[in-house]
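Q: My questions will all concern the structure given below.
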Amino acid sequence: MLTAASTIACPHPPGLVQTSAVHRLTVAGAAVLTAADVVPRQVIGCVMPVAQGPPQTKTCTKVLSWTGGQAARLTVDGVPVLLDQGFEARTDGLEPAAPPAPPAASQVPKLKAAANQIRLKGE
Numbered sequence: 025m026l027t028a029a030s031t032i033a034c035p036h037p038p039g040l041v042q043t044s045a046v047h048r049l050t051v052a053g054a055a056v057l058t059a060a061d062v063v064p065r066q067v068i069g070c071v072m073p074v075a076q077g078p079p080q081t082k083t084c085t086k087v088l089s090w091t092g093g094q095a096a097r098l099t100v101d102g103v104p105v106l107l108d109q110g111f112e113a114r115t116d117g118l119e120p121a122a123p124p125a126p127p128a129a130s131q132v133p134k135l136k137a138a139a140n141q142i143r144l145k146g147e
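Everything in the sequence shown is counted per the working numbering, starting at 25 for the first residue and increasing by one.
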């Protein structure tokens with residue numbers, strides 16, 4: 025379970041989410057967190073540089089969404105508390121796009137050559 029004492033970070037250390045929770049339900053003295061305690065909180069310290077590209081990148085500055093990872097039965101004022109697993113959170117940061125995957129082996133052109141050829145031709 026996530027609490028106000030938990031560390032929530034963007035993928036670019038030391039970017040930390042600044043949470044805020046004052047719920048009566050606590051674990052080890054720290055208030056539990058709900059999605060409203062995380063979204064749209066600030067991310068402080070993200071080291072992803074801003075670049076106009078290509079590739080374009082942007083520093084994480086706030087949490088945009090949180091899906092999954094919510095307790096089924098444990099709630100605060102009817103709102104599920106957050107669990108420390110099974111969730112996906114997104115920030116406003118922008119990472120470089122992944123390079124395209126290489127073509128499947130069946131799509132790679134095969135080369136043929138004969139001893140008397142100077143150039144190879146793709147098939």
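Glycine included, C-beta positions come from ideal geometry on N, C-alpha and C.
State buried or exposed for Leu88, treating a residue as buried only when at least 16 other CB atoms are found within 10 Å of its CB.
A: Mapped onto the sequence shown, residue 88 falls at position 64. With fewer than 16 other Cβ atoms within 10 Å, it is exposed.
Q: Quick one: give me the first and last residue of the beta strand (DSSP E) that Val100 is part of.
A: As a working mapping, residue 100 is identified with position 76 in the sequence shown. It spans Val87 to Val100 - the beta strand (DSSP E) in which Val100 sits, taken as one unbroken run.
Q: Taking 8 Å as the limit between beta carbons, can you name the residues of its chain near Gly110, skipping five residues before and five after?
A: One-based indexing of the sequence shown puts residue 110 at position 86. Within the same chain, Gly110 has close Cβ partners Gly92 and Gly93.
Q: At what residues does the beta strand (DSSP E) containing Val105 begin and finish?
A: One-based indexing of the sequence shown puts residue 105 at position 81. Unbroken beta strand (DSSP E) run through Val105: Val103 to Thr115.
Q: Can you grab the Cα-Cα spacing for the pair Ala122 / Cys34, in whole Å?
A: Indexing the sequence shown from 1 puts residue 122 at position 98. Indexing the sequence shown from 1 puts residue 34 at position 10. Cα to Cα, the separation comes out at about 18 Å.
Q: Quick check: Ala96 and Leu57, are their CB atoms within less than 8 Å of each other?
A: Along the sequence shown, one-based indexing puts residue 96 at 72. Along the sequence shown, one-based indexing puts residue 57 at 33. It is not a contact, given that the beta carbons lie outside the stated cut-off.
Q: Pick out whichever of Pro78, Cys84, Val46 and Arg114 has its Cα sitting closest to the Cα of Val67.
A: Translated into the one-based positions of the sequence shown, residue 67 becomes position 43. Among Pro78, Cys84, Val46 and Arg114, the Cα nearest to that of Val67 belongs to Cys84.
Q: Determine which residues share a DSSP beta bridge with Val66 and list them.
A: Looking up residue 66 in the sequence shown gives position 42. It should be pointed out that residue 66 corresponds to Gln in this sequence rather than to Val. Lys86.
Q: Looking at the ligand SAM, does it come within less than 7 Å of Glu112, judged from the CB to the closest heavy atom?
A: By its list of ligands, the structure shown contains no ligand whatsoever, and the ligand SAM lies outside what it can speak to.
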